[in-house]
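Okay, structure first, notes after.
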Amino acid sequence: MRKLVLIAMPVLLALLIFSLLLSQFGPANNELLYTFFAVISISFVLFPLVTMFWYGTFRKRRWGRVGYLGIAAVIIGALFRLQHWPGGAILPFCGGLLIIVLYLIHFISKRDRKILDWLKLAYTVSAFVSFLAAVRQMVSSPVILLVHGVILFSLFIAFYIHILNQTEEDPVALDTDGRNVFRYEE
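Numbering (my numbering), first residue to last: 2 to 187.
As structure tokens, this is what we get:
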């Protein structure tokens with residue numbers, strides 16, 4: 002899974018930037034480009050969520066199966082949303098709410114909280130809020146989506162550095178000062 006993350010995350014980021022540029026500066030009114038951008042955007046948002054839980058957020062907890070049910074509801078709801086089927090708004094809402102509640106329980110029960118834990122909490126909350134803003138077409142939706150994008154990019158970088166530095170013998174955790182991440186020696 003580590004090699005998949007190390008390869009897939011930069012590829013998804015490059016595809017997201019490429020599809021964003023194509024949808025903004027490509028041929029006008031091309032539905033294929035907009036669909037490509039939507040699919041890449043959804044996969045870029047969902048891939049860190051799935052890998053985050055794969056690497057242990059809910060994996061070793063007794064409520065992990067319920068957390069995976071929430072992730073499945075978000076993914077199926079996103080597909081429903083793309084197809085404009087009924088339930089495309091309520092499934093991700095319920096799944097996102099379930100993930101936030103379970104992650105808050107997990108976060109509160111954790112003794113030592115690192116930067117990556119705070120970023121994961123901010124990501125789960127901002128993903129839920131930005132989904133609500135996009136679905137309900139709120140006036141402040143662009144600002145909320147921008148904040149979510151900044152949090153997602155920060156989580157992307159921190160998680161990628163965490164996975165990059167992690168080995169089988171010596172797993173590396175993000176410290177509060179970042180010294181373990183960048184192998185800083187005084």
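Note that the Cβ used here is the ideal one computed from N, Cα and C, for glycine as well.
- Taking the Cα of Phe37 as reference, the smallest distance to any Cα among Leu5, Leu83, Gly71 and Leu7 is reached at Leu83.
- Assigned with DSSP and collapsed to three states, His85 falls in coil, not helix or strand.
- For a cut-off of 8 Å, the C-beta gap from Ala74 to Leu92 is around 5 Å, short enough to register as a contact.
- Assigned with DSSP and collapsed to three states, Lys121 falls in helix.
- Closest option to Trp64, judged by alpha-carbon separation, among Lys115, Tyr35, Ile100 and Gly89: Ile100.
- A straight line joining the alpha-carbon of Ile164 with that of Leu7 spans about 7 Å.
- Take the alpha-carbon of Val67 and the one of Leu98: they are about 12 Å apart.
- Sequence-distant Cβ neighbours of Ser20 in its own chain, meaning closer than 6 Å and more than five residues away, are Phe37, Phe38 and Ile41.
- Minimum Cα-Cα distance from Val126 among the listed residues Met139, Leu105 and Ser141 corresponds to Leu105.
- Ser110: member of the alpha helix (DSSP H) spanning Ile91 to Ser110, first to last residue.
- Excluding residues up to 5 positions away in sequence, Phe48 lie with their Cβ nearer than 7 Å to the Cβ of Ala9 in the same chain.
- In this model, Phe160 and Leu117 are separated by some 7 Å (Cα to Cα).
- Rounded to the nearest whole angstrom, the CA to CA distance from Pro11 to Lys111 is 30 Å.
- For Asn166, the three-state secondary structure derived from DSSP is helix.
- About 13 Å separates the CB atoms of Leu156 and Lys115; that is not less than 8 Å, and the two are not in contact.
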